[in-house]
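When the count follows this note's numbering, it moves up by one through the sequence shown with no breaks and lands on 480 for the last residue.
Structure first, then comments.
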Amino acid sequence: MFDQIKKLSLQSVIYGVGHIMTRLVTFLLLPLYTNVFTAEEYGVISLAYAFIGFTLILFRYGMDTALMKFYITENVKEKHGVFSTIWILQFFSSIILASILIGLSPFLSQYIIGDSAHSNILQLISIILAMDVLWNLPMLILRTEERPMAFVGLNLVNVFTTIAFNIYFVVYAKLGIIGVFYGNIVASTLMLMFSFPIVYQRLRFKYISKTLLKKILYFGLPFIPAGIFTMVMELADRYLLEWMVGTTAVGIYSAGYKLGMFGLLLVMGFTMGWTPFFLKKGKDDQAPEMFSRIITYFLGIYGFVAVFFTLIIDDLVKINVGDFSFFGEAFWSATNIVPVIFLAYFFFGLYVLQLPAVYLPEKTKWIPLFRFVGAITNVVLNILVIPTYGVMGAALATMGAQAIMALSIYLKSRKDYKIPFRRIGIIFPLFAMIGAIFLDGSMIIKFMYLSGYFILWIFIVADKTEQNFIFRRQL
6 MFDQIKKLSL
16 QSVIYGVGHI
26 MTRLVTFLLL
36 PLYTNVFTAE
46 EYGVISLAYA
56 FIGFTLILFR
66 YGMDTALMKF
76 YITENVKEKH
86 GVFSTIWILQ
96 FFSSIILASI
106 LIGLSPFLSQ
116 YIIGDSAHSN
126 ILQLISIILA
136 MDVLWNLPML
146 ILRTEERPMA
156 FVGLNLVNVF
166 TTIAFNIYFV
176 VYAKLGIIGV
186 FYGNIVASTL
196 MLMFSFPIVY
206 QRLRFKYISK
216 TLLKKILYFG
226 LPFIPAGIFT
236 MVMELADRYL
246 LEWMVGTTAV
256 GIYSAGYKLG
266 MFGLLLVMGF
276 TMGWTPFFLK
286 KGKDDQAPEM
296 FSRIITYFLG
306 IYGFVAVFFT
316 LIIDDLVKIN
326 VGDFSFFGEA
336 FWSATNIVPV
346 IFLAYFFFGL
356 YVLQLPAVYL
366 PEKTKWIPLF
376 RFVGAITNVV
386 LNILVIPTYG
396 VMGAALATMG
406 AQAIMALSIY
416 LKSRKDYKIP
426 FRRIGIIFPL
436 FAMIGAIFLD
446 GSMIIKFMYL
456 SGYFILWIFI
466 VADKTEQNFI
476 FRRQL
């Protein structure tokens, strides 16, 4: 069992690094954005990125999930048929959707990014969306074929080109906000070019069939509602903040949210190894016990990372490099929401960890409902608390929605596929994270708190087998 968990850990680390590098772009660009742009300008950029995240769900319409599902087969012809059908379908649909979006951009700009004067931003976003959909499919192939080095290599290309061209267009060409999206256009173009050999090797028109197309659409399309509800959870707070408080508040909130993104990166990086792992191992007799251990280990590691960032975040943002601080001084107040965002992603991680109890008994039709519950909770809580607590209210609403979603999947799925949760493995990191929020002391005290977390986890959460493994008394 421990060998299988080790394999999952290695895959999660490798693919997680690739995913983290991609998402880390926005974090690494924070020093640039928060020192060059005002909070209001960064608010416009944040609303644009929020729109990209939401619209990608519509551009993909579940085909990325369908590719992961049906490409895992020993039949080479079927592999090529699945990939060819999905890639061609996505190629034409992306062109159509991008064209519609470009045509409507003068009308939609005011509502999407709060600035009708920048309709050209929406036009650039449309092109970025179409290209990102197409180069993402080969990346999924690299995951399913377990080719981690190629996966990480292409992600490095994305990271370096995005950062380099953002700096060029914003700092040297002095194009302001529009320069951010020119940088993304160039990066997406290069990613499409570098991923094309993967497409070329697998594209076989002769294996495309109506039967296969129907099967793919039947599986993938139901994921659209779940994806939309997910993005509502992720993005509704930005638009409600813009509506109730203003674009400047969106800028402050988005900056703090980006600082807390390490929580999301941990969860999503783990998920890249977790999903194919539980789909392959779910039929084993020892699977429920193995899943329980994995849940305990992941939440323990997540809690440690969350405590670490909670304790150092105020000092981190004030680090100076020349004339620039890591975080523009106007954005320093954003650190208040970082611990709450980490708590939100803790509950999101708890939700993801319970997915075997839905996928394995083939109860995936419930996933849109879980997401719907989370989305509605998020919107309602945001409307209730933003007027009183502003930016912090939006963060608390997100945390509450993620907690409700994790609880909803637990209540429904425990009857269909029982995972023997180790409750102390959930409670311990949760309370440690909350305690770190209220800890006020020197770096020595913070170090002792962090060290205490690690030691107490071993003696309170780990069982005898795990303690023996840690201390190498026996394997």
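Note that beta-carbon positions come from the ideal geometry of N, C-alpha and C, so glycine has one too.
For this session: Would you mind sorting Lys-84 into buried or exposed? The rule is 16 or more other CB atoms within 10 Å of its CB.
Result: Residue 84 sits at position 79 when you count from the first residue of the sequence shown. By the 10 Å Cβ count, Lys-84 comes out buried.
For this session: Identify which residue in Asp-445, Tyr-302, Tyr-47, Ile-424 has its Cα closest to the Cα of Gly-181.
Result: For this step, residue 181 is matched to residue 176 along the sequence shown. Answer by Cα proximity: Tyr-47.
Exercise. Of all the beta strand (DSSP E) runs that stay within the bounds of the stretch 412-463, which reach a length of 3 or more residues?
Worked result: none
Exercise. Looking at C-beta atoms only, is the number of pairs between the stretch 46-62 and the stretch 174-190 that lie closer than 8 angstroms three or more?
Worked result: yes
Exercise. How would you call Glu-247, buried or exposed, if buried means at least 16 neighbouring beta carbons within 10 angstroms?
Worked result: Within the sequence shown, the letter at position 242 stands for residue 247. It counts as buried.
Exercise. How should Ala-169 be labelled, buried or exposed, when 16 other C-beta atoms within 10 angstroms of its C-beta is the threshold for buried?
Worked result: Numbered from 1 along the sequence shown, position 164 holds the residue referred to as residue 169. Classification for Ala-169: exposed.
Exercise. How should Asp-69 be labelled, buried or exposed, when 16 other C-beta atoms within 10 angstroms of its C-beta is the threshold for buried?
Worked result: Residue 69 sits at position 64 when you count from the first residue of the sequence shown. Buried, since its Cβ has 16 or more Cβ neighbours within 10 Å.
Exercise. According to the Cβ coordinates, are Leu-358 and Ile-300 closer than 8 angstroms?
Worked result: Within the sequence shown, residue 358 is the residue found at index 353, counting from 1. Within the sequence shown, residue 300 is the residue found at index 295, counting from 1. Against a cut-off of 8 angstroms, the Cβ pair of Ile-300 and Leu-358 comes out as a contact.
Exercise. In whole angstroms, what is the alpha-carbon distance linking Ile-91 and Asn-387?
Worked result: For the purposes of this step, residue 91 is identified with residue 86 of the sequence shown, where counting begins at 1. For the purposes of this step, residue 387 is identified with residue 382 of the sequence shown, where counting begins at 1. Computed Cα separation, rounded: 37 angstroms.
Exercise. Three-state secondary structure (DSSP) at Ser-51?
Worked result: The residue labelled residue 51 in the question sits at position 46 within the sequence shown. Correct three-state label for Ser-51: helix.
For this session: Determine the direct distance from the alpha carbon of Tyr-205 to that of Gly-405, and round the result to whole angstroms.
Result: The residue labelled residue 405 in the question sits at position 400 within the sequence shown. The residue labelled residue 205 in the question sits at position 200 within the sequence shown. Rounded to the nearest angstrom, the two C-alpha atoms are 45 angstroms apart.
Problem set entry | Three-state class that DSSP yields for Phe-5 in the structure shown | A question about residue 5 goes unanswered here, because the residues of the chain that appear run from 6 up to 480.
Exercise. Going by alpha carbons, who is nearest to Thr-39 out of Val-255, Lys-423, Leu-365?
Worked result: Residue numbering aside, residue 39 sits at position 34 when the sequence shown is read from its first letter. The shortest Cα separation from Thr-39 among Val-255, Lys-423, Leu-365 belongs to Val-255.
Exercise. For Ile-133, which three-state DSSP category applies?
Worked result: Taking the first residue of the sequence shown as position 1, residue 133 is located at position 128. Reduced to three states, the DSSP call for Ile-133 is helix.
Exercise. How far does the alpha helix (DSSP H) with Tyr-350 in it reach, from first residue to last?
Worked result: On the sequence shown, residue 350 is found 345 positions in, with the first residue counted as 1. Start and end: 343-358.
For this session: For the alpha helix (DSSP H) containing Asp-69, list its first residue and its last residue.
Result: Looking up residue 69 in the sequence shown gives position 64. First-last of the alpha helix (DSSP H) with Asp-69: 68-75.
Problem set entry | Three-way DSSP call (helix, strand, coil) for Phe-7 in this model | Here residue 7 is taken as the residue at index 2 of the sequence shown, counted from 1. Because Phe-7 sits at a pLDDT of 48, beneath the cut-off of 50, its placement in the model cannot be relied upon, and the following sentence gives the value as read from the coordinates. Three-state result, Phe-7: helix.
For this session: Would you kindly work out how many angstroms separate the C-alpha atoms of Thr-252 and Gly-398, rounded to a whole number?
Result: On the sequence shown, residue 252 is found 247 positions in, with the first residue counted as 1. On the sequence shown, residue 398 is found 393 positions in, with the first residue counted as 1. Cα-Cα distance, rounded: 16 angstroms.
Problem set entry | Rounded straight-line distance, which links the Cα of Phe-303 to that of Val-466 | The residue you call residue 466 lines up with position 461 of the sequence shown. The residue you call residue 303 lines up with position 298 of the sequence shown. Taking the straight line joining both Cα atoms gives about 12 angstroms.
Problem set entry | DSSP-derived helix/strand/coil call for Asn-163 | Against the sequence shown, residue 163 aligns to sequence position 158. It is helical.
For this session: Starting from Trp-279, trace the alpha helix (DSSP H) both ways and give me its first and last residue.
Result: Numbered from its first residue, the sequence shown carries residue 279 at position 274. Unbroken alpha helix (DSSP H) run through Trp-279: 266-286.
For this session: Following the continuous alpha helix (DSSP H) through Leu-113, name the residue where it begins and the one where it ends.
Result: Numbered from its first residue, the sequence shown carries residue 113 at position 108. Looking at the DSSP string, the run of the alpha helix (DSSP H) that includes Leu-113 is 81-117.
Exercise. Is Ala-467 helix, strand or coil by DSSP?
Worked result: Taking the sequence shown and counting its residues from 1, one reaches residue 467 at position 462. It is coil, neither helix nor strand.
For this session: Please report the residue range of the alpha helix (DSSP H) in which Val-176 lies.
Result: Here the question's residue 176 lines up with position 171 in the sequence shown. Where Val-176 is concerned, there is no enclosing alpha helix (DSSP H), given that its DSSP letter is neither H nor E.
Problem set entry | First through last residue of the alpha helix (DSSP H) which encompasses Gly-232 | Here residue 232 is taken as the residue at index 227 of the sequence shown, counted from 1. Gly-232 -> alpha helix (DSSP H) spans 228-249.
Exercise. Just to confirm, are Tyr-258 and Val-164 a CB contact at a threshold of 8 angstroms?
Worked result: Start at 1 with the first residue of the sequence shown, and residue 258 comes out as number 253. Start at 1 with the first residue of the sequence shown, and residue 164 comes out as number 159. No, these two residues do not count as a Cβ contact at 8 angstroms.
For this session: For Thr-235, count neighbouring Cβ atoms within 10 angstroms of its own Cβ and tell me buried if that reaches 16, exposed if not.
Result: In the sequence shown, the residue the question calls residue 235 occupies position 230. It counts as buried.
Problem set entry | Given Glu-489 as reference, the closest of Asp-320, Phe-347, Leu-102 once Cα atoms are compared | The structure shown does not extend to residue 489, since the chain is modelled only from 6 through 480, so no value can be given for it.
Exercise. Is the beta carbon of Val-87 sitting closer than 8 angstroms to the one on Leu-217?
Worked result: In the sequence shown, counting from the first residue as 1, residue 87 sits at position 82. In the sequence shown, counting from the first residue as 1, residue 217 sits at position 212. Yes; because the gap between Cβ atoms is below 8 angstroms, this pair is in contact.
Problem set entry | Contacting residues, own chain, Cβ-Cβ under 8 angstroms from Gln-479 (five flanking each side not counted) | Here residue 479 refers to the residue found at position 474 when the sequence shown is read from its first residue. Only weak support exists for where Gln-479 lies, its pLDDT of 42 falling under 50; the value from the coordinates is given anyway. If we look at Gln-479 and ignore the five residues flanking it on each side, its Cβ neighbours are Asn-473.
Problem set entry | Collapsed DSSP secondary structure at Gln-206 in the structure displayed | Walking along the sequence shown from the start, residue 206 turns up at place 201. Note: Gln-206 maps to helix in three-state DSSP.
Exercise. So, helix, strand or coil for Gln-291, using DSSP?
Worked result: As a first step, residue 291 must be located in the sequence shown, where it is residue number 286. The answer is coil: DSSP assigns Gln-291 none of H, G, I, E or B.
Exercise. Using 8 angstroms as the Cβ pair cut-off and three pairs as the minimum, do the stretch 221-233 and the stretch 57-64 touch?
Worked result: yes
Problem set entry | Counted within 10 angstroms of its Cβ, other Cβ atoms place Pro-434 as buried (16 or more) or exposed | Here residue 434 is taken as the residue at index 429 of the sequence shown, counted from 1. Counting Cβ neighbours within 10 Å, Pro-434 comes out buried, since at least 16 surround it.
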